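Asker:
There are 4 protein chains.
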Amino acid sequence: MSNSFGQIFRISTWGESHGGGVGVVIDGCPPQIPLSEEEIQIDLDRRRPGQSEIVTPRKESDSCEILSGVFEGKTLGTPIAILVRNKDQRPSSYNEMKDKYRPSHADYTYDAKYGTRAWHGGGRASARETIGRVAAAVVAKKVLAQLYPGIEILSWVQSVKDIEAQVDGQTVTSAMIESNIVRTGDPEAVGPMTDLIKMMRSEGNSVGGVVECIVRNAPAGLGNPVFGKLEATLAQAMMSLPATKGFEIGSGFGGTQLTGAEHNDPFYMDGDTVRTTSNRSGGVQGGISNGENISFKVAFKPTATIMTEQQTVSSQKEDTELKGRGRHDPCVLPRAVPIVEAMTALTLCDHALLHAAQCGSSQAS
Amino acid sequence: MSNSFGQIFRISTWGESHGGGVGVVIDGCPPQIPLSEEEIQIDLDRRRPGQSEIVTPRKESDSCEILSGVFEGKTLGTPIAILVRNKDQRPSSYNEMKDKYRPSHADYTYDAKYGTRAWHGGGRASARETIGRVAAAVVAKKVLAQLYPGIEILSWVQSVKDIEAQVDGQTVTSAMIESNIVRTGDPEAVGPMTDLIKMMRSEGNSVGGVVECIVRNAPAGLGNPVFGKLEATLAQAMMSLPATKGFEIGSGFGGTQLTGAEHNDPFYMDGDTVRTTSNRSGGVQGGISNGENISFKVAFKPTATIMTEQQTVSSQKEDTELKGRGRHDPCVLPRAVPIVEAMTALTLCDHALLHAAQCGSSQAS
Amino acid sequence: MSNSFGQIFRISTWGESHGGGVGVVIDGCPPQIPLSEEEIQIDLDRRRPGQSEIVTPRKESDSCEILSGVFEGKTLGTPIAILVRNKDQRPSSYNEMKDKYRPSHADYTYDAKYGTRAWHGGGRASARETIGRVAAAVVAKKVLAQLYPGIEILSWVQSVKDIEAQVDGQTVTSAMIESNIVRTGDPEAVGPMTDLIKMMRSEGNSVGGVVECIVRNAPAGLGNPVFGKLEATLAQAMMSLPATKGFEIGSGFGGTQLTGAEHNDPFYMDGDTVRTTSNRSGGVQGGISNGENISFKVAFKPTATIMTEQQTVSSQKEDTELKGRGRHDPCVLPRAVPIVEAMTALTLCDHALLHAAQCGSSQAS
Amino acid sequence: MSNSFGQIFRISTWGESHGGGVGVVIDGCPPQIPLSEEEIQIDLDRRRPGQSEIVTPRKESDSCEILSGVFEGKTLGTPIAILVRNKDQRPSSYNEMKDKYRPSHADYTYDAKYGTRAWHGGGRASARETIGRVAAAVVAKKVLAQLYPGIEILSWVQSVKDIEAQVDGQTVTSAMIESNIVRTGDPEAVGPMTDLIKMMRSEGNSVGGVVECIVRNAPAGLGNPVFGKLEATLAQAMMSLPATKGFEIGSGFGGTQLTGAEHNDPFYMDGDTVRTTSNRSGGVQGGISNGENISFKVAFKPTATIMTEQQTVSSQKEDTELKGRGRHDPCVLPRAVPIVEAMTALTLCDHALLHAAQCGSSQAS
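Protein sequences appear in the order of chains D, A, Y and H. When we follow the working numbering, the leftmost residue of the first sequence carries the number 31, and every step to the right adds one. When we follow the working numbering, the leftmost residue of the second sequence carries the number 31, and every step to the right adds one. When we follow the working numbering, the leftmost residue of the third sequence carries the number 31, and every step to the right adds one. When we follow the working numbering, the leftmost residue of the fourth sequence carries the number 31, and every step to the right adds one.
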């Protein structure tokens, strides 16, 4: 079950970076949702390698095939299987990794757990695994749009190392974010961020940063206390992504610097709607959305693969050294943006269907 | 399933702050584990109200009763049901809350979701809900101790507002932490933290902070990629606790300020053991523990209940004001320490049994 | 998870026949459902021992207490915990069973699996475990009634050993079934069945039979292919009951004696409703209800506890003999009737909420 | 989750009879298990159409491709995705079914539930769906063989309509069963059964029967009371198969004709092993295997597709008539044999890993 996510709208991803391909099975999708491979491809293209000069040059078209669950252009309510073949595989690039653990990668821990690993590539720990999530999230977004017209999920690069973007979550648009290869929401930050990433790559080094995500026009009522609190599920979703080290909702760690009197979000009536004058809660109170923007941040560490010599050990348990090879992102942030959006959509879609199941009939009355 | 946690060692908690009581059912516990109510009581006492001058004065002995699953002092392998009665209930303190939503509490969102709420107290959103978790975790810790002798889970208050403790995670002991009512690991910080909390209470205000947790002598191999990555489950576990706003593992958000060359943890051999010279990974790589200390932080917001007048709305959807009443913690951190430990134990125990299930036989060979 | 049933409306039962009590936690129940202990007690009384001269004389009032999840007489949407204390315990009756395995009981297998067992009584394998199911099913029936007014679940004793009742599933009523202590739907069979059970008891012997169940006014559309087919979930539900050995839906094993031309259920229009002229499908086609009566049978073996000397082995693994003692039902069928109804209600309720989750919005359009 | 089965060794199947193909994802498989496409193909060939003159002539090679989870011939511990393409599709054969519901098929119920269906073929309700189960079961059998050397799962056709085979479950072999196209274990029954099936086909009619299954050299201790009782999981597994109408374990419905004194299985010591002199329990007591042969029967109804005119209704809800077309099995029993074995293997494998998780460490001590 470790490779499944969601209780009603449930995805199961599979696949290694090298091998037959990667994919996903979606179970529990509502029927009669229009769905095409072209729609899925749009988000896969936002995630795929080789899309710009600041990401890995691995050449993968990441073309998807819907194998089941869709008939005459609409979902059947049965499992939707989606397949993306691996194409541009270069296992030989990994020959040295066969016997040496790359620092801060999953090589050693997979060996420690399973006694084996797919060494010619990142295997299951590769970010290629997220293809299935992105594909499934296209479906999730369509379900959400049907349930909650106007709901909008937007992520952007909030910082690269110490370069911080100035973004207004209330007004930033998808067009603004997609207009630059860094996928930040601040036009002023594009240049410095791009330059820093390029410099890192030229040095064989890497860099991390923070992705921010906002959900606008979210309904009140999503989230299932106590272990399925909305922020708990979002935290699990985000921390399940490769390279993530932290998650904050609303005021986050910074909120610990305020007193209760400063931190509380006062309620007020905006016409018939209950609103809060501030949003340090991040749109979630007691694990349930309150109708304000859902707002959170995710920390991504600098890419573990660097091109300089590093101290490590061999699988024969001897000290040795290793220099990174292969094609890698000097900064995962630009490609992480659609992935964070995807996990957000999957989380909300499942919570929306759970909410309909438990509270749908009582609210109708 | 929202009130259940874990796949093998699975707990289901229930109960509101006012009403018959709170409790937990543990399913999937290994048989033949010695277990007594007295052992469970020890941790419940660390969590209970009224234990010191800086926590809520609500008088609850929180005495537990084991209703099933234990026979002649040992677990049977069948579900263990544990009950704690609510005693010191004062629903009248909440009369005003019946019609007014307390800011940054769950009052409004529960109403929005369920169309009802247990208004005479915090209901299910009360921190009393965590009693079941703490009780179950006593069992989890015994299972872990049997599987991994020497494993040690320690939490402490790392900061209260802007007062930061200086704690060495490698050497801090349970005795040091339990020796002071704040439950910090830094003797120098006890005084300032205590003073701040008392001042906040006297002002009718509140304060938050950060709890840090370390797991020492953890085995390599725990965690189940991809959605069950160890840090993903820990993040879900911690963000399911009341008042949490952030989670960081290892380098966390601070790690985004480093380059890959600075951030990577070099491997080296320490006798027969693979070790890392630094631990920015926080003991987890690719979602699986690597044998180093598992190390993470959790941000707790300032308590939402404050004793000053606040702007809010009524359940009749009119603007109004509300002043906090009732007995509350001016700072949840001291009582959060055993709860963070509890969720860590529950997470690790379940992962340990999952690991035994999937990889136990292959490792034996 | 072995002690939980259902995906949305999820129950977790706990408890041994001797010890603190037995109970259930219901998670995922819709909010705002009126619920009282008195309502639950009605079905518990139909299940409890000592209710008539043909069942076990163990004196248990089986009084239930709702510990959580209900406020001001209505469900909150939070977990509902229900407790029934064990009262009339006579562990001394079981002294001999401490060291000897009762034939066709669970004594040996529990020891083989867990290395321990609650020997002073049937432990977890006791039919007392079903109390939690019956209590939870009262809630499930209320949810079903709200979703599908007119839906009716009726079980009765169809046969005791070779005495077969003549019952018309279309017209039999609850009043007819409850009017006799055997709980059969055929007035002619009451006498012979009662006499047989009494004779068996006087001989220290026991007897089994078949319970039939029908669901009238069930909606079309319930059931989730493929592993959650309605008949698959019903089969699991029924075979999870103590003493069950077989499950049939519709034509069952007898249906294998027909050809396809004889077995198929022709469709016809009954006004606006699609109906079938026969119902060998038992109301389910392709795992989904078709709107006809859902109809199935469950085989219960003769009670394993008999009062005559039997060959067995000791826990020290030596051949020995054992004579049954304690208070037991010479025939479980009369008390099995409410339990079969309970599991049917739990199964349908969960499927109804699953159906609302997946297909609710598409049908609304 | 409706298309997933198992808690640890968890399979998720997908696919319709017409479309891209069918397949399965296996999560939770132990690592380092040798696995090849050739091994999987062996059982797929036992299941595939066109294998003999008494099954459907649809021409499908059912060649499988392992897409992930296997590296250098061994399992990785990561999800194993297996794909079988649909080849010999003839959607035009189904043109009439587009608007007419085939009696006793899933056409109407899928429409009633989902508001749509894959009408050019049986869609998800087709027996092609079982391909994924059979493929996954090959892996499950390898895991079982590693955990319990000598364990043997054997199914055979016990009856076709009123022709009953005489088979000794203790001595029947796979070779005997596979030696005839009916897959019965009784050489005397082969001729009559074959003749009956051929006659039915020539008449455009169909026939059903009973498959029996035995597990030899099963360990004691498998099964997880109460909802995960071994017989409950087996019942769910079998009743999730297309065309099944009944399930019996051990004495089954026939056992209700015995008294307790006749029905109980006396224990005796066979060397160091606890055995029973009879096996009316079917190898399971209290939901846990007792080390005797696990023995059960499954009723399969006559194939719903027949070639004679039948009364039905259209999707426009008008009375009409329909005559079966397409390529179908006049009797599903011969091909059901490997499928029953497959579901048995999947059930036991999951229970074996669950048992290792919960009881593995306590038994080691």
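Just so it is clear, CB atoms sit at the ideal spot from N, CA and C, and this is done for glycine as well. Computed from a predicted model, the values in this text were never measured in an experiment.
Take D/Leu106 as the anchor and find which of H/Lys143, H/Lys89, H/Leu260 has the nearest alpha-carbon.
Answerer: When only C-alpha atoms are compared, the closest one is H/Lys143.
Asker: For a quick check, are the C-beta atoms of H/Leu376 and H/Arg76 less than 8 Å apart?
Answerer: Result no, Cβ atoms of H/Leu376 and H/Arg76 do not sit closer than 8 Å.
Asker: Residues of chain H with CB closer than 9 Å to the CB of Y/Met230, please, in chain order.
Answerer: Per Cβ cutoff of 9 Å: Thr289, Gly290.
Asker: Give the straight-line distance between the Cα atoms of A/Thr203 and A/Leu184, rounded to the nearest whole angstrom.
Answerer: Going from the Cα of A/Thr203 to the Cα of A/Leu184 covers about 8 Å.
Asker: Quick one: grab the DSSP three-state call for H/Ile183.
Answerer: Strand.
Asker: Please determine if the segment 232–248 of chain A and the segment 315–329 of chain A are in contact, where contact requires at least 3 C-beta pairs separated by less than 8 Å.
Answerer: Touching, yes, given that three or more Cβ pairs across the two stretches are closer than 8 Å.
Asker: Pull up the CB-CB distance for A/Arg310 and A/Glu322, whole angstroms please, since I reckon it's below 8 Å.
Answerer: No, A/Arg310 and A/Glu322 are not in contact; Cβ-Cβ is about 10 Å, not under 8 Å.
Asker: Between D/Ala394 and the rest of its own chain, which residues show a CB-CB distance below 7 Å, the 5 nearest in sequence each way excluded?
Answerer: In this prediction, D/Ala394 scores a pLDDT of 40, lower than 50, which makes its location untrustworthy; the coordinate-derived value is nonetheless stated afterwards. Result list for D/Ala394: empty, nothing under 7 Å.
Asker: Looking at C-alpha atoms only, which residue of D/Thr286, D/Gln287, D/Gly313, D/Phe283 is the closest neighbour of D/Pro296?
Answerer: Ranking D/Thr286, D/Gln287, D/Gly313, D/Phe283 by Cα distance to D/Pro296 puts D/Gly313 first.
Asker: With DSSP run on the structure shown, which of helix, strand or coil describes D/Val190?
Answerer: Strand at D/Val190.
Asker: Please decide whether Y/Asn33 counts as near chain A, where near means a Cβ-Cβ distance under 8 Å.
Answerer: By this cut-off, Y/Asn33 is an interface position.
Asker: Find the residues of chain A that neighbour H/Gly58, judging by a C-beta separation of less than 8 Å, and give them in chain order.
Answerer: Result: Ala387, Gln388.
Asker: Helix, strand or coil for H/Leu384 per DSSP?
Answerer: Three-state result, H/Leu384: helix.
Asker: Distance cutoff 8 Å, beta carbons only. Does Y/Met269 sit that close to anything in chain H?
Answerer: It does; some Cβ of chain H falls within 8 Å.
Asker: Report whether the distance from the Cβ of D/Leu264 to the nearest heavy atom of the ligand PLP is below 7 Å.
Answerer: In the structure shown, the ligand PLP is absent, as is every other ligand, since no ligand is present at all.
Asker: Which residue's Cα is closest to the Cα of Y/Leu363: Y/Lys172, Y/Asn210, Y/Ile63?
Answerer: Of Y/Lys172, Y/Asn210, Y/Ile63, the residue nearest in Cα terms is Y/Asn210.
Asker: Enumerate in chain order the residues of its own chain whose CB-to-CB distance from Y/Arg147 is below 6 Å, with the five nearest sequence positions on each side excluded.
Answerer: Excluding sequence neighbours, Y/Arg147 sits near Tyr140, Asp141, Gly153.
Asker: Indicate the three-state DSSP secondary structure (helix, strand or coil) for D/Met299 in the structure shown.
Answerer: In the structure shown, D/Met299 sits in a strand (DSSP, three-state: E or B).
Asker: Of the choices Y/Asp300, Y/Ile318, Y/Tyr298, whose alpha-carbon is the least far from that of Y/Leu264?
Answerer: Per the Cα distances, Y/Ile318.
Asker: Looking at the structure shown, is H/Asp129 part of a helix, part of a strand, or coil, going by DSSP?
Answerer: Three-state result, H/Asp129: coil.
Asker: Just to confirm my understanding: we take D/Ser156, look at its own chain, exclude 5 residues before and 5 after, and list those with CB closer than 6 Å. What are they?
Answerer: Hits under 6 Å: Ser47.
Asker: Which whole-angstrom value is the C-beta distance of D/Ser270 and A/Val256, which I expect to be below 8 Å?
Answerer: With 8 Å as the limit, D/Ser270 and A/Val256 qualify as a contact, their Cβ atoms being about 6 Å apart.
Asker: For A/Gln266, which three-state DSSP category applies?
Answerer: In this structure, A/Gln266 counts as helix in the three-state DSSP scheme.
Asker: State the DSSP-derived secondary structure class of H/Lys331, mapped to helix, strand or coil.
Answerer: DSSP places H/Lys331 in coil when its eight states are reduced to three.
Asker: By how many angstroms is the C-alpha of D/Ile336 removed from the C-alpha of A/Ile279?
Answerer: So the alpha carbons of these two residues sit roughly 22 Å apart.
Asker: Check whether the Cβ atoms of Y/Met127 and Y/Met268 sit closer than 8 Å, and answer yes or no.
Answerer: It is not a contact, given that the beta carbons lie outside the stated cut-off.
Asker: When burial is assigned at 16 or more other CB atoms within 10 Å of the CB, is A/Glu218 buried or exposed?
Answerer: That one is exposed.
Asker: Expressed to the nearest angstrom, what Euclidean distance is found between the alpha-carbon atoms of Y/Glu95 and Y/Cys379?
Answerer: For Y/Glu95 and Y/Cys379, the distance between alpha carbons rounds to 22 Å.
Asker: Is there at least one Cβ from chain D nearer than 8 Å to Y/Ile183's Cβ?
Answerer: So, not an interface residue.
Asker: Which chain Y residues sit within Cβ distance under 9 Å of D/Leu384?
Answerer: What D/Leu384 touches in chain Y: Ile38, Gly58, Ala387.
Asker: Quick check: the Cα distance between A/Gly45 and D/Lys259, rounded to an integer number of angstroms?
Answerer: Rounded to whole angstroms, A/Gly45 to D/Lys259 spans 16 Å at the Cα level.
Asker: What residues match up with H/Val241 in a beta bridge as DSSP calls it?
Answerer: Bridge partners of H/Val241: H/Val187, H/Val328.
Asker: Give me the Cα-Cα distance between Y/Asp73 and Y/Gly80, rounded to the nearest whole angstrom.
Answerer: Rounded to whole angstroms, Y/Asp73 to Y/Gly80 spans 14 Å at the Cα level.
Asker: Starting from the C-beta of Y/Val397, find all residues in its chain whose C-beta is less than 7 Å away, skip the five residues before and the five after it, and write them out in chain order.
Answerer: Residue 397 of chain Y lies beyond the residue range present for chain Y, which begins at 31 and ends at 395; the question has no answer from this structure.
Asker: Along chain Y, which residues have their Cβ under 7 Å away from the Cβ of H/Val343?
Answerer: The answer, in chain order, is Phe297, Tyr298, Met299, Val304.
Asker: Can you list, in chain order, the residues of its chain with a C-beta nearer than 7 Å to that of H/Asp216? Leave out the 5 residues immediately preceding and following it.
Answerer: Result list for H/Asp216: Ala195, Gln196, Val197, in chain order.
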